[in-house]
Each structure stands twice: as C-alpha cells, then as structure tokens.
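To keep things clear, I will list the structure first and then write my remarks on it.
Protein chains: 2
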Amino acid sequence: MAAETFIAIDWGTSSRRSHRVEGGVPIASERDERGAAGLVADDYPAEVAAIRGRLGDLPVMIAGMAGSNIGWRQVPYVEAPATLDDLAGALEWTDERTAIVPGLCCREAGRVDVMRGEEVQLLGAAAAGLVPPDALLCQPGTHSKWAGLEGGAITAFVTAMTGELFALLSRQGLLARQLTGTVAPGAEFERGVLEGARCDLAASLFGVRARGLLGQLNGKDAPSYASGILIGADVTARIDSGREVHIVSDPQLGHLYEIAVRLLGGKPYRVDSQLAFVAGISRIWELAS
Amino acid sequence: MAAETFIAIDWGTSSRRSHRVEGGVPIASERDERGAAGLVADDYPAEVAAIRGRLGDLPVMIAGMAGSNIGWRQVPYVEAPATLDDLAGALEWTDERTAIVPGLCCREAGRVDVMRGEEVQLLGAAAAGLVPPDALLCQPGTHSKWAGLEGGAITAFVTAMTGELFALLSRQGLLARQLTGTVAPGAEFERGVLEGARCDLAASLFGVRARGLLGQLNGKDAPSYASGILIGADVTARIDSGREVHIVSDPQLGHLYEIAVRLLGGKPYRVDSQLAFVAGISRIWELAS
Chain S
16 MAAETFIAID WGTSSRRSHR VEGGVPIASE RDERGAAGLV ADDYPAEVAA
66 IRGRLGDLPV MIAGMAGSNI GWRQVPYVEA PATLDDLAGA LEWTDERTAI
116 VPGLCCREAG RVDVMRGEEV QLLGAAAAGL VPPDALLCQP GTHSKWAGLE
166 GGAITAFVTA MTGELFALLS RQGLLARQLT GTVAPGAEFE RGVLEGARCD
216 LAASLFGVRA RGLLGQLNGK DAPSYASGIL IGADVTARID SGREVHIVSD
266 PQLGHLYEIA VRLLGGKPYR VDSQLAFVAG ISRIWELAS
Chain F
16 MAAETFIAID WGTSSRRSHR VEGGVPIASE RDERGAAGLV ADDYPAEVAA
66 IRGRLGDLPV MIAGMAGSNI GWRQVPYVEA PATLDDLAGA LEWTDERTAI
116 VPGLCCREAG RVDVMRGEEV QLLGAAAAGL VPPDALLCQP GTHSKWAGLE
166 GGAITAFVTA MTGELFALLS RQGLLARQLT GTVAPGAEFE RGVLEGARCD
216 LAASLFGVRA RGLLGQLNGK DAPSYASGIL IGADVTARID SGREVHIVSD
266 PQLGHLYEIA VRLLGGKPYR VDSQLAFVAG ISRIWELAS
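Protein chains in written order, with the working numbering: chain S, 16 to 304; chain F, 16 to 304.
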C-alpha cells in the first residue's frame with residue numbers, strides 16, 4: 016500500500032461521500048445517506064470500519080459534520096484567515112490512522128460565521144489551480160457559503176441559509192402547496208432572481224402566493240420563481256457589477272447560480288465540487304503524512 | 016332589535032373573533048380556534064348559526080379568510096385604491112342577513128399583493144380617526160401588512176411573511192433547537208433589528224446558529240435575536256428616516272414593531288387592532304343597511 020493511498024470522507028449532515036484516493040485521484044467512490052444527523056458519536060468507529068471494509072484497509076481523512084457537536088467529536092474551529100496548511104496542522108486524530116479535519120470560523124466587523132467541510136473544497140479548488148488564488152468563491156447549497164480568497168487563503172466568509180429556506184417553505188406553511196414541483200432555469204426563475212435583487216425577501220416570497228391567486232403564476236412555474244427569489248437575494252447581497260464569482264458546486268445548482276450571477280451583472284465561472292474536494296483533502300493528506 | 020345591532024366576525028386562517036356590536040360598541044365578544052384552515056365550505060352555515068345562538072339572532076358581517084378559496088365562498092378582490100364604501104358596495108350576501116366583506120388586491124409597478132380581513136382594520140382605523148387620512152399603516156403578524164393611506168383610502172400595500180418565516184424556522188431545520196423560548200424586548204432583540212437592517216435575511220439568520228456555536232448568544236436570547244432580524248428587515252424595507260408609522264396590532268407584537276421602527280429612525284404610533292376592526296366593520300354595516 017503506497018503512502019499516497021488513503022480514504023477521504025466528506026461527511027455531511029444528511030449524506031456522505033467516500034473515496035479511495037490514489038495519487039490524488041479517486042479510483043473508487045460511494046455515496047449514501049448515513050450523514051451526521053442520523054448517527055450518534057458511538058456509531059462512528061463501526062461506520063469507519065465498514066467503509067474500510069469496502070474501500071480498503073487504509074488511513075482515513077474525514078471532513079465535515081463528523082467534527083461538529085452533532086458528530087463523532089467536536090473539533091475546534093480554525094480561525095480565518097486559514098490555508099490547507101493550517102487545517103493539516105490542526106487535524107484531530109481519533110487513532111493513529113484516522114483524522115478529522117477542523118472547520119473554520121470567521122470573525123469580521125462584529126459578525127461571526129462557521130463552516131465544516133466546505134473549507135476543504137474551497138481551498139482545494141485554489142490548491143489545484145481550479146480558481147485563482149485571489150477570488151470570490153461560492154458554494155451554493157442548503158447553507159450557501161461565500162468565501163473570499165487572498166493568496167490562496169480563506170480570509171472571510173458568509174453563510175446564507177438559502178437552500179434551507181426553500182426547503183422549509185416547501186414543507187409547511189402558505190407556499191407549500193405551490194412548491195411541490197421542480198426548479199428549472201427559464202423565464203420564471205430569472206424573474207424571481209430580479210425580484211430577489213430587491214433584497215426584501217419576506218415580501219417577495221409572499222408575492223409567490225399573490226401572483227398565484229391573481230392568475231399570474233401557474234403551479235408548474237412557482238418553484239422556479241421562488242427559488243429565483245432566494246438565489247437572487249443571496250447573489251445580490253454578495254456581488255457588485257462585474258465581480259467574478261467561482262461557483263464550486265454540482266452541475267444543477269451551479270447552473271442556477273451561474274444564471275443569477277450573470278443576470279445580476281457578475282461573471283460566473285464553474286468548478287466541480289467533487290474535484291475540488293479530492294484536491295483539497297489530498298493536499299491535507301500530503302501535508303500530514 | 017335595533018338596526019344598529021349586528022354580529023361582526025373577523026374570520027382568520029387559524030382563529031376567529033366574533034362580537035355583538037350595538038351602536039358601534041362591542042358588548043359581547045368571543046374568540047376561538049375555528050379558523051378557515053380547519054373548516055370546509057359546508058361547515059359555515061352551522062358555524063354562523065351557532066354564533067347567532069350565542070351572541071343573538073342578528074345580521075352577521077364577516078371579514079377575512081371566510082371569503083377566500085379556503086373559506087365559505089370565494090369573494091372577488093376589490094382593487095386598490097379602495098375605501099370602506101367600496102367594500103360595502105361589493106359585499107357578498109350568502110342570504111339576506113349574512114354578508115362577507117371582500118378582500119383587496121393591489122397592482123403596482125409590476126408587483127401584486129392581496130389581503131383579506133386586514134383592510135377592515137386599516138380602513139376602520141382611519142374612519143374612526145385613530146390614524147390620519149394620509150398615513151403609513153403597519154399591521155404586523157404572520158403576514159405583516161403595510162398599507163399606504165391617502166384621503167382615507169388604501170392606495171397600495173405590501174405583505175411580508177415575517178411571522179410565518181419565524182414560525183417555520185422554529186418548527187424545523189437548523190435553528191429550531193435554538194428558537195424554543197419566547198421573544199422579548201431587550202438588547203438581543205435590538206441587536207437583531209440592526210442586523211436585519213442589512214437586508215440580507217438568509218445570511219443574518221445563519222448568524223443565529225454561528226453566534227450560538229461560538230458562545231456569543233445564549234439559548235434564552237436566541238428567539239429574541241432571530242425575531243429582531245426578521246422584524247428589522249421588514250421595517251427597513253418599508254420606511255425611510257423620520258417616517259411616521261401607525262402600528263395596528265395587539266399590544267405584544269405591536270411593542271416589538273414600535274421598538275424596531277424607533278431604532279431604525281421612524282416615528283411609531285400604536286393603534287389597538289380590535290378597536291380598529293369594530294370601527295371598520297360598523298361603518299361597513301351602516302353603509303350597507
């Protein structure tokens with residue numbers, strides 16, 4: 016077994032992805048729903064052993080919510096500005112060949128923020144040259160992360176619970192009956208983005224209901240319009256005209272953010288989030304080996 | 016039975032209030048949870064008969080969600096600008112002594128909005144001289160209504176689903192465990208109002224979690240801080256410095272909005288919402304008699 020071979024796990028709240036990485040390349044991968052929210056701390060040794068059983072009896076590097084207060088053990092945050100070297104220097108080893116990568120916290124102008132897992136992808140994107148060392152990165156999702164990079168370090172970041180608000184509105188309350196379909200790019204999504212740019216979220220969202228009642232929005236288009244409002248408000252709060260944004264994401268959500276960034280005057284670039292994760296965790300593994 | 020005696024019902028989504036009104040004064044009142052969301056159209060005749068059984072065999076004027084597509088029968092919206100005369104002229108009579116007051120819709124600069132029930136309180140406040148004929152009115156709640164009055168008519172209005180967002184966040188998702196307590200005026204509510212004034216709701220709300228994780232916000236204060244964010248964003252989107260706002264509300268929520276309006280540079284005035292409702296529905300009853 017070569018030193019450059021290990022298992023990387025991106026352990027999220029609701030799901031996880033595991034990769035057998037050889038020389039920086041994922042040669043076997045799996046994804047399942049055994050996220051941190053469905054586990055207790057005592058479950059982790061057996062979970063990791065089972066992953067080793069499937070992907071190989073190898074060292075394991077874990078990023079994400081496994082290191083949170085709902086995970087295996089709480090690993091203190093590294094404070095921004097931070098690099099991959101800082102993360103590698105603050106690994107939490109649960110035994111001599113199993114480590115948890117710390118998350119980041121950020122304190123800036125009276126505001127605070129936290130992330131766990133995204134830091135590996137964002138810094139990995141820079142380490143692999145997928146984004147410039149000085150850049151604005153966006154990782155959209157349940158909790159969208161927007162991070163400023165300077166010289167390859169994350170200097171500051173903001174989280175917006177954009178995806179979670181959509182999920183909450185879809186499950187309960189006034190708009191739930193309208194938000195049962197799928198979100199798709201198109202005219203209603205773009206109309207939503209421009210409405211969201213008013214930065215008046217609670218009123219714009221009521222407009223989904225009002226437009227429906229007055230026959231201006233059909234049921235099929237309501238999810239796209241509502242998603243456009245939320246993404247439009249998120250992007251507007253983060254960019255000025257002409258700003259380059261590097262979107263680290265899966266293809267579908269990345270495309271929606273790409274449309275919104277362009278519509279609001281920014282310049283979007285796309286980066287594959289899995290590629291960025293493997294690049295980041297491989298670099299941490301190298302630094303720790 | 017004098018002609019000036021009738022029963023007024025404010026039939027909301029989740030609850031309703033009924034009053035026996037004599038000469039413009041409520042002399043008997045009741046409140047229960049039999050709102051429109053828990054009833055089907057066929058339930059209404061028996062419900063109204065039961066209220067008559069308790070409050071008197073009198074004419075009945077109904078405002079609110081009984082006139083919606085989840086109520087007794089759908090009464091078309093009256094278009095703003097609108098006065099109490101316009102509402103009285105568009106009553107929907109279900110029989111010769113039972114009428115439903117229509118709601119209002121508003122189309123302005125490409126935006127649309129709707130209300131059902133609040134129009135009686137807002138126009139009633141003006142008719143009774145509780146607010147000036149030209150004023151900005153706010154009726155905070157699950158769906159906060161902000162209405163501009165000119166010459167005693169509602170000319171335009173906006174709804175913000177401020178209260179509903181708080182309820183959704185309290186029930187499910189990332190912040191639910193922090194939002195179990197009560198909202199109270201004080202330093203954390205005011206801090207939330209100022210954070211909300213950034214008009215970056217999805218990010219400010221994630222800050223409730225981040226401040227909790229980093230030990231900057233204790234559990235008892237989290238609901239007040241989160242409520243402050245939502246109310247602060249709502250008020251900021253609606254007023255400029257020095258703006259007078261007439262808050263038509265129950266005392267508790269009205270006080271929170273009063274604090275936010277003052278903190279954000281406006282001049283708040285308070286109006287009792289029940290008084291305003293009885294004034295408005297009594298005037299409609301007079302006009303229709």
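Idealized CB from N, CA, C, for every residue including glycine.
Each of S:Ile246, S:Gly227 and S:Leu245 was checked against the Cα of Ala237 of chain S, and the nearest Cα belongs to S:Gly227. By the rule that beta-carbons nearer than 8 Å mark a contact, Leu228 of chain F touches chain S. For Met76 of chain F, no chain S residue has a C-beta closer than 7 Å to its own C-beta; the minimum C-beta separation is roughly 23 Å. From the listed residues S:Ser288, S:Leu73 and S:Leu245, the smallest Cα separation to Glu111 of chain S is found for S:Leu73. Here Ser185 of chain S carries a helix assignment [DSSP, helix/strand/coil]. Interface criterion met: the Cβ of His158 of chain F is under 8 Å from a Cβ in chain S.
Note that the C-beta distance between Ala51 of chain F and Ala97 of chain F is not below 8 Å. Approximately 6 Å separates the beta-carbon atoms of Ile299 of chain F and Val116 of chain F; this is inside 8 Å, confirming the contact. Rounded to the nearest angstrom, the gap between the Cα atoms of Val40 of chain F and Glu205 of chain S is 51 Å. In this model, Trp161 of chain F and Val173 of chain F are separated by some 5 Å (Cα to Cα). The C-beta of Ile42 of chain S has fewer than 16 other C-beta atoms within 10 Å across all chains shown, which makes the residue exposed.
For the pair Gly163 of chain F and His34 of chain F, the Cα-to-Cα distance works out to about 28 Å. It is roughly 42 Å from the alpha-carbon of Ile254 of chain F to the alpha-carbon of Pro91 of chain S. Taking one beta carbon from each stretch, the segment 242-254 of chain S and the segment 263-278 of chain S have 3 or more pairs nearer than 8 Å; the two touch. When beta bridges are read from the DSSP output, Met130 of chain F appears opposite F:Leu119. From the beta-carbon of Ala248 of chain S, the residues of chain F found nearer than 9 Å are Cys214, Asp215, Leu216 and Ala217.
By the rule that beta-carbons nearer than 8 Å mark a contact, Val63 of chain F does not touch chain S. According to the DSSP assignment, His158 of chain S belongs to no beta strand (DSSP E), since it is labelled neither H nor E. Counting along the chain, the unbroken alpha helix (DSSP H) around Asp249 of chain F starts and ends at Ala237 to Arg253. Nearest in C-alpha terms to Gly257 of chain F, of all of F:Glu210, F:Ala140, F:Leu268 and F:Tyr284, is F:Tyr284. Contact between the segment 169-188 of chain S and the segment 177-187 of chain F is present: 3 or more CB-CB pairs across the two stretches fall below 8 Å.
Comparing C-alpha distances from Ser288 of chain S to each of S:Gly230, S:Ser219, S:Leu138 and S:Ser239 shows the shortest one belongs to S:Leu138.
Rounded to the nearest angstrom, the gap between the Cα atoms of Leu232 of chain S and Trp108 of chain F is 30 Å.
Comparing alpha carbon positions, the residue from S:Val129, S:Ala199, S:Pro266 and S:Leu102 closest to Leu229 of chain F is S:Val129.
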